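Since the structure comes first, as structure tokens, the remarks are kept for the end.
Residue numbers (the numbering used here): 33 to 264.
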């Protein structure tokens, strides 16, 4: 797929950050095209069609969708066409496990994250309660449930209300495990068993994430951008 990225970059189509090209992101068979205008996006799709024809490939237009972010995200506009099929404009799309939302600014959805967390927690709780050990359940919660709750939290910006909602998921799990109801009791239990506030957990993950980027010696501009976004 490298020739496709090279072709798009050479024609200067797609988004840039600090004069670095990020218009076409690839991971396995997932392709994400990003452009600041609908016209430029259609030109990128046309190049993809041409590339597929030359390489005897076929993009699955039935599984491909379009999502708009910006002040005019819900305004009517010309359809985008790939492989002779008009792409459907959606209000939410999943990319690498992260759900992006069509709105006036960059935003992610955490509703799916919460569903996964409770699904895994309820499964663990139903099996671990027979051990009659709350600590065992808490350790399983840390090992298997928190990764779902905090997935990609180091690389996306979440609002205070979203962080509060995720933190409440842990509170509800503590209530179920220990049978406590009072807010101060929940806070004390979490402190005793080492279940930190989600804000603190996200900050720790984010610091490690940026440190790894810096240590890699690559994407220095991206590191500066990430630090600016997260800490200002």
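C-beta: ideal position from N, C-alpha, C; glycine also.
No experiment lies behind these values; they were computed from the predicted model shown.
Close beta carbons around residue i, own chain, < 8 angstroms, minus the five adjacent residues each side
i: residue 156; result: 169, 172, 173, 176, 177
i: residue 68; result: 47
i: residue 146; result: 181, 197, 198, 201
i: residue 118; result: 111, 112
i: residue 160; result: 168, 169, 172
Beta-carbon proximity list for residue i, same chain, < 7 angstroms, skipping 5 on both sides
i: residue 64; result: 57, 127
i: residue 91; result: 80, 84, 114, 115
i: residue 59; result: 128
Candidates the options, of which the one nearest residue i by Cα
i: residue 193; options: 231, 213, 163, 226; result: 231
i: residue 179; options: 131, 84, 148; result: 148
i: residue 235; options: 72, 189, 76; result: 189
i: residue 100; options: 211, 120, 208; result: 120
i: residue 93; options: 216, 77, 185, 70; result: 77
i: residue 71; options: 167, 109, 160, 223; result: 109
i: residue 61; options: 86, 96, 55; result: 96
i: residue 158; options: 209, 89, 185; result: 209
i: residue 241; options: 105, 215, 184; result: 184
i: residue 207; options: 227, 43, 191; result: 227
i: residue 134; options: 52, 161, 105; result: 105
Strand pairing of residue i, partner residues [DSSP]
i: residue 141; result: 131
i: residue 63; result: 58
i: residue 52; result: 49
Helix, strand or coil at residue i according to DSSP, with G and I counted as helix
i: residue 124; result: strand
i: residue 117; result: strand
i: residue 188; result: coil
i: residue 173; result: helix
i: residue 183; result: coil
i: residue 230; result: helix
i: residue 212; result: coil
i: residue 98; result: strand
i: residue 157; result: helix
i: residue 236; result: helix
i: residue 23; result: Residue coverage of the chain in this structure runs from 33 to 264, which leaves residue 23 outside it and unanswerable.
i: residue 87; result: coil
i: residue 203; result: helix
Sequence-distant residues of the same chain with beta carbon closer than 6 angstroms to residue i, five excluded per side
i: residue 203; result: 218
i: residue 266; result: A query on residue 266 cannot be resolved here, the shown segment of the chain reaching from 33 to 264 and no further.
i: residue 54; result: 47
i: residue 195; result: 230, 231
Rounded C-alpha distance that separates residue i from residue j
i: residue 139; j: residue 103; result: 13 angstroms
i: residue 187; j: residue 74; result: 28 angstroms
i: residue 107; j: residue 225; result: 50 angstroms
i: residue 150; j: residue 50; result: 40 angstroms
i: residue 221; j: residue 243; result: 31 angstroms
i: residue 111; j: residue 82; result: 19 angstroms
i: residue 34; j: residue 40; result: 10 angstroms
i: residue 27; j: residue 144; result: The shown model of the chain, from 33 to 264, leaves out residue 27, and the question about it has no answer.
i: residue 142; j: residue 132; result: 10 angstroms
i: residue 136; j: residue 98; result: 15 angstroms
i: residue 213; j: residue 164; result: 20 angstroms
i: residue 229; j: residue 45; result: 42 angstroms
i: residue 36; j: residue 124; result: 26 angstroms
i: residue 233; j: residue 166; result: 21 angstroms
i: residue 89; j: residue 66; result: 21 angstroms
i: residue 211; j: residue 191; result: 29 angstroms
Near the ligand ATP: residue i beta-carbon under 7 angstroms from a heavy atom
i: residue 105; result: As far as ligands go, the structure on display features none, and thus does not contain the ligand ATP.
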